Amino acid sequence: MDEPLIYTTKGNVPVSSLTYQNEWMVNDDFIKFTERHLLDGEVVKESAHVYDRKGVLATGEAQSF
Amino acid sequence: MANTQAMCTSFKGELLVGHHNFGTGVVRGATTADTFKAALYLASATYNAATTAYSATGEVSGTNYTAGGVTVTNASAPATSGTTAYWTPSASFAWTTVTLSTSFDAGLLYNSTQSNKAVSVHTFGATTVTAGNFTLTMPTNDATTGLIRIA
């Protein structure tokens, strides 16, 4: 069976030749998942996925006459 | 019974669909929803509450990124719950196989139908992408977490 390839800045390279890293950032506003593939220490593919946990809020207020 | 001073919830919702105009100079050309877009900005940029419109200044650039960003999918009409009006895009913002080497940390939602007027700025921490994907997944569309809320 052929070895899977992954698209990188170096073209399509075998997955087994890459070092995989991932990182999570979690706070009240968002959750971010970042994943990197390195080839000989160089980042050749990096993706990030952000989940916006809450949007922006404007507060309306009616003032007294 | 007693009267209670308040901003009417219906008004908050109607603001989101353009029913009220306290000023002058705005002519709506259609009854359809406007087109909204989302653009990404470098961490070194200064987009904030004072931002009035989309600008290419400070916008990210790189392979497979188109200036101006992506068109927002808008399949969900604004709604109200309790005393809050809210609206959230109905799909994630996605950039596929992009390379954005300079750190970016914010997205600007803006109205491309109405002269690219700014709606909101959303930050997500310093990020780079290399021959990969960047996705901004929307929050739950409700009065507590919706992307745009008027309470």
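Going down the list, the protein sequences come from chains Z and R. Using our numbering, the letters of the first sequence map in sequence onto residues 972 to 1036. Using our numbering, the letters of the second sequence map in sequence onto residues -9 to 141. Note that CB positions come from ideal geometry on N, CA and C, so glycine has one too. Note that the coordinates shown come from a computational prediction; the quantities given were computed from them, not determined experimentally.
Legend entry - the stretch 1020 to 1034 of chain Z touching the stretch 43 to 55 of chain R, judged by at least three CB pairs closer than 8 Å: no
Legend entry - Segments assigned beta strand (DSSP E), at least 3 residues, entirely inside the stretch 102 to 131 of chain R: 107 to 127
Inset, instruction - Please list the partners that S110 of chain R has in chain Z, where partner means a Cβ-to-Cβ separation under 8 Å. - result: G1026, V1027
Legend entry - Below-9 Å beta-carbon distance, Y37 of chain R vs any chain Z residue: no
Legend entry - Where E994 of chain Z sits in the DSSP three-state scheme: strand
Inset, instruction - Determine contact between the stretch 987 to 1007 of chain Z and the stretch 94 to 107 of chain R, defined as no fewer than three beta-carbon pairs at a distance below 8 Å. - result: no
Legend entry - G8 of chain R to G59 of chain R span [Cα, whole Å]: 24 Å
Legend entry - E1017 of chain Z burial status per 10 Å Cβ neighbour count (16 or more: buried): buried
Inset, instruction - Measure from the alpha carbon of A23 of chain R to the alpha carbon of each residue in R:V62, R:F12, R:L90, then state which is nearest. - result: R:V62
Inset, instruction - May I ask you to verify whether the stretch 68 to 76 of chain R touches the stretch 33 to 44 of chain R, counting CB pairs closer than 8 Å and requiring at least 3? - result: no
Inset, instruction - Would you tell me roughly how many angstroms separate the C-alpha atoms of P975 of chain Z and P985 of chain Z, rounded to the nearest one? - result: 6 Å
Inset, instruction - Starting from T(-1) of chain R, follow the alpha helix (DSSP H) in both directions and report where the run begins and ends. - result: -1 to 5
Inset, instruction - Taking only the alpha-carbon atoms, compute the straight-line gap between T47 of chain R and M972 of chain Z and give it to the nearest angstrom. - result: 49 Å
Inset, instruction - Just the chain Z side, please: which residues come within less than 8 Å of V119 of chain R by C-beta, in chain order? - result: E1017, S1018, A1019
Inset, instruction - Please work out which residues of its chain come closer than 7 Å, Cβ to Cβ, to V1014 of chain Z, disregarding the five sequence neighbours upstream and downstream, and give them in chain order. - result: R1007
Legend entry - Where T135 of chain R meets chain Z, residues with beta-carbon distance less than 9 Å: D1023, R1024, K1025, G1026
Legend entry - Residues that T56 of chain R contacts on chain Z, provided the C-beta gap is smaller than 9 Å: Here the premise fails: no neighbours, minimum Cβ distance about 18 Å.
Legend entry - Distance between beta carbons of T120 of chain R and T87 of chain R, contact taken as under 8 Å: Not quite, the Cβ-Cβ distance comes to about 10 Å (not below 8 Å), so this is no contact.
Legend entry - Integer Cβ distance of F99 of chain R from F26 of chain R, believed to fall under 8 Å: Checking the sequence, you will find Leu at residue 99 of chain R rather than Phe. Rounded, the Cβ-Cβ distance is 6 Å, consistent with contact.
Inset, instruction - Give the DSSP-derived three-state secondary structure of S51 of chain R in the structure shown. - result: coil
Legend entry - Inter-residue spacing [alpha-carbon to alpha-carbon] between N123 of chain R and T103 of chain R: 27 Å
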